[in-house]
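Single-structure report; data block below.
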Amino acid sequence: MALPVIKSIADCTDYSKTVLPYIGQLYDLPQQIFQNITNVQALKVLYVTTNPLISAFAFSLFLFPIFLVVSEINRNYSQVDRFWSILPTLYNAHFTAYAHAAGLSTKRLDTLLLFSTFWSARLTYNYWRKGGYSIGSEDYRWDVLKEYISPPLFFVFNVVFISLAQSILLFLVATPTYVLLLSAKSTPAWTTADVVFSRGWGFLVFLAFYADGQQWVYHSAKKEYQETAKVPKEFNQEALDRGFNTSGLWAYSRHPNFAAEQSGWVLLYGWSCWVTQTYYNWSIIGAVAYLILFQASTWFTELISARKYPEYKEYQKRVGKFLPKLPGGPPGDFSDKRNSK
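According to our numbering, the stretch in the sequence shown is residues 132 to 472, in order.
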C-alpha cells in the first residue's frame, strides 16, 4: 500500500511526509495505466500501489480535457455542473475503499461517505428537477458573462477556470478525507466528536434541502401565476410580482442553501482538524477555495438579479447574503410594506 509511515498523530497532517513523497507517482501513472489497460489484475495492483491522494488528483486532471472538449463542441459550458454533485463523493468513496483495502479501521470513513452520499443525493435531485440534466441545459450566467468578454478570452476562461480549476476544486474539497484516512491507525476508531461532526453535516444537508424546497415551491408558484394570472393560495400577488423569494429561510438569508452547502465542506475540514488535534492543516485549501468560488459566483448572480428585479437591492439591505443579520432591522419578507398598505 502506498501510504506514508505514520509515527504520531502530527504526521497525519505533515505535507512533507504525506503528500510530497508521492508526487512523482503522478508523472508515471498515465504510462502505467496505458501499459496495463487490458490487464485487470495489473490495474488492481496499480490502484493499491499508488497513493490514493495522487490517484484522485490524477483523475481530476484526466477529466479536464473531457470537460473542455465536450463544452467546446456543444458550446455548452455547464459540463462540470453536471458532475458537481457526484465527484466529491466519488473521491470520498475512493479514499474509503482504499482504507478498506489497506485493512484500516473504517467506521469514521464509512460514516463520512454515508453523509457525503446524502449531500450528493440532495444536490443531484435539486439539479435534476430544475432541468440541469436536460439536453441543452446551461447555466444562464455563462451567456451573461459572454456579453462582457470576447470569444478568445472566454475560451481561455473555459480552459483555466470552468474545465480545469473547477475539476481540481471538486477534488480538493475531499482532501480532508485523505487526512482522516491517514489518522485511522493513530486515533480511536470512533468518538462522540465523530457523532457530532457527521450529524452536523447531515443537519446542514437537510437545511439545504429544505431551502431548496422553499425556492422550488416559490418559483413553481410564480410560473403558474405568470401562465394563468391566478395567484396560488400559498402566496400573495405582491410576493410573486417581486420575482424572487423572500419567505421562509429566505427571509433571513439571501442564499440559505448556499450557506449550508459551504458550511458542510468547512465542517469536513474541521473534522479532520479535530481528529488530528491540529488547528489547521494543508487540506484547508479545498474549503477556502470553495468559499472563494461561492463568494464570486454569488456576487455575479446577485449582480444579475439586481438588474432584473427592482426590489432586489432593498432585499440586499434587509437580509444577509449567507448569515442572518442582527435583529432590529426591517423584516426580510417585506411584511412591513404589506402592513403599511
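All C-beta atoms, glycine included, are put in the ideal place defined by N, C-alpha and C.
Rounded C-alpha distance that separates residue i from residue j
i      : j      : result
TYR421 : LEU335 : 16 Å
HIS350 : PHE195 : 34 Å
ALA189 : VAL326 : 32 Å
LEU398 : ALA305 : 12 Å
LEU151 : TYR158 : 13 Å
PHE453 : GLU358 : 32 Å
SER202 : ASN289 : 9 Å
SER265 : SER216 : 16 Å
ASP145 : TRP332 : 26 Å
LYS261 : PHE465 : 27 Å
VAL287 : THR255 : 28 Å
ASP372 : ASP241 : 47 Å
GLU442 : THR429 : 17 Å
VAL136 : GLN166 : 29 Å
GLY344 : SER251 : 16 Å
ALA370 : THR377 : 8 Å
GLU486 : TRP347 : No answer is possible for residue 486: it lies beyond the span of the chain, which begins at 132 and ends at 472.
TYR153 : GLY417 : 19 Å
ILE423 : PHE214 : 20 Å
MET132 : GLN156 : 13 Å
TYR554 : GLY234 : The question about residue 554 has no answer here: the residues shown for the chain are numbered 132 through 472.
TYR440 : THR432 : 12 Å
Same chain, Cβ closer than 8 Å to residue i, neighbours up to 5 away in sequence not counted
i      : result
LYS361 : GLU355
LEU244 : THR220, ASN223, ALA224 and THR227
GLY451 : TYR383, SER384 and ARG385
LYS164 : In the sequence as presented, Lys is not what sits at residue 164; that position holds Ile. Once the five neighbours on either side are set aside, the close Cβ partners of ILE164 are LEU174 and LEU177.
TYR410 : CYS404
Per-residue burial, residue i [other beta carbons within 10 Å of its own, 16 or more giving buried]
i      : result
ASP212 : buried
ARG330 : exposed
LEU313 : buried
THR149 : buried
PRO307 : buried
LEU457 : exposed
GLY463 : buried
THR169 : exposed
ASN367 : exposed
ASN205 : exposed
PHE303 : The identity of residue 303 in the sequence shown is Leu, whereas the question assumes Phe. Under this definition LEU303 is a buried residue.
PHE337 : exposed
TRP259 : exposed
PHE328 : buried
PHE515 : Nothing in the structure corresponds to residue 515, since the chain is present only between 132 and 472.
PHE193 : exposed
PHE246 : buried
GLN172 : exposed
TYR279 : exposed
SER147 : exposed
Residues of its chain near residue i, where Cβ-Cβ distance is below 6 Å and the 5 sequence neighbours each way are ignored
i      : result
ALA232 : VAL179
ALA342 : LEU380, PRO387 and ASN388
LYS444 : ALA437
ALA187 : TYR222, HIS225 and PHE302
TRP273 : TYR208
Beta-carbon separation (whole angstroms), residue i vs residue j, contact threshold 8 Å
i      : j      : result
GLU392 : ALA339 : 5 Å
SER414 : ALA315 : At roughly 16 Å, the Cβ-Cβ gap does not stay under 8 Å, so SER414 and ALA315 are not in contact.
ILE140 : GLN408 : 6 Å
TRP405 : ALA296 : TRP405 to ALA296, Cβ: 29 Å. No contact.
PHE375 : TYR271 : The pair is not a contact, with the Cβ atoms about 14 Å apart (cut-off 8 Å).
TRP402 : LEU311 : 7 Å
LEU218 : LEU301 : 4 Å
TYR229 : PRO161 : Not a contact, Cβ separation roughly 20 Å.
CYS143 : SER281 : No, CYS143 and SER281 are not in contact; Cβ-Cβ is about 47 Å, not under 8 Å.
Neighbourhood of residue i by C-beta distance below 7 Å, restricted to the same chain and skipping five residues each side
i      : result
PHE198 : GLN210, VAL211, SER294 and SER298
GLU269 : ASN207, TYR208 and SER209
TRP321 : LYS238 and ARG239
VAL275 : ILE435
PRO363 : ALA352, GLU355 and TYR356
ASP467 : PRO461
LYS277 : PHE285
Entirely enclosed alpha helix (DSSP H) segments - the region 426-465, minimum 4 residues
Fully enclosed alpha helix (DSSP H) runs of 4 or longer: 443-449.
What alpha helix (DSSP H) runs, 4 residues minimum, are completely inside the region 345-430?
Unbroken alpha helix (DSSP H) runs of no fewer than 4 residues, entirely contained in the region 345-430, are found at 368-373 and 387-407, following chain order.
Alpha helix (DSSP H) runs wholly inside the region 270-301, at least 4 long, in chain order
If we require 4 residues or more, the alpha helix (DSSP H) runs fully inside the region 270-301 come out as 271-277 and 282-288.
Which parts of the region 142-201 are runs of the alpha helix (DSSP H), unbroken and 4 residues or longer, counting only runs that do not cross its ends?
The alpha helix (DSSP H) runs lying completely inside the region 142-201 and spanning 4 residues or more are 146-149, 154-166 and 171-180, given in chain order.
Please specify which runs of the alpha helix (DSSP H), each continuous and at least 4 residues long, are wholly inside the region 200-239, giving them in chain order.
Taken in chain order, the complete alpha helix (DSSP H) segments of 4 or more residues contained in the region 200-239 are 218-232.
Jot down the residue ranges of each uninterrupted alpha helix (DSSP H) in the region 300-329, minimum 4 residues, whole runs only, in chain order.
Segments of the alpha helix (DSSP H) lying fully in the region 300-329: 306-313.
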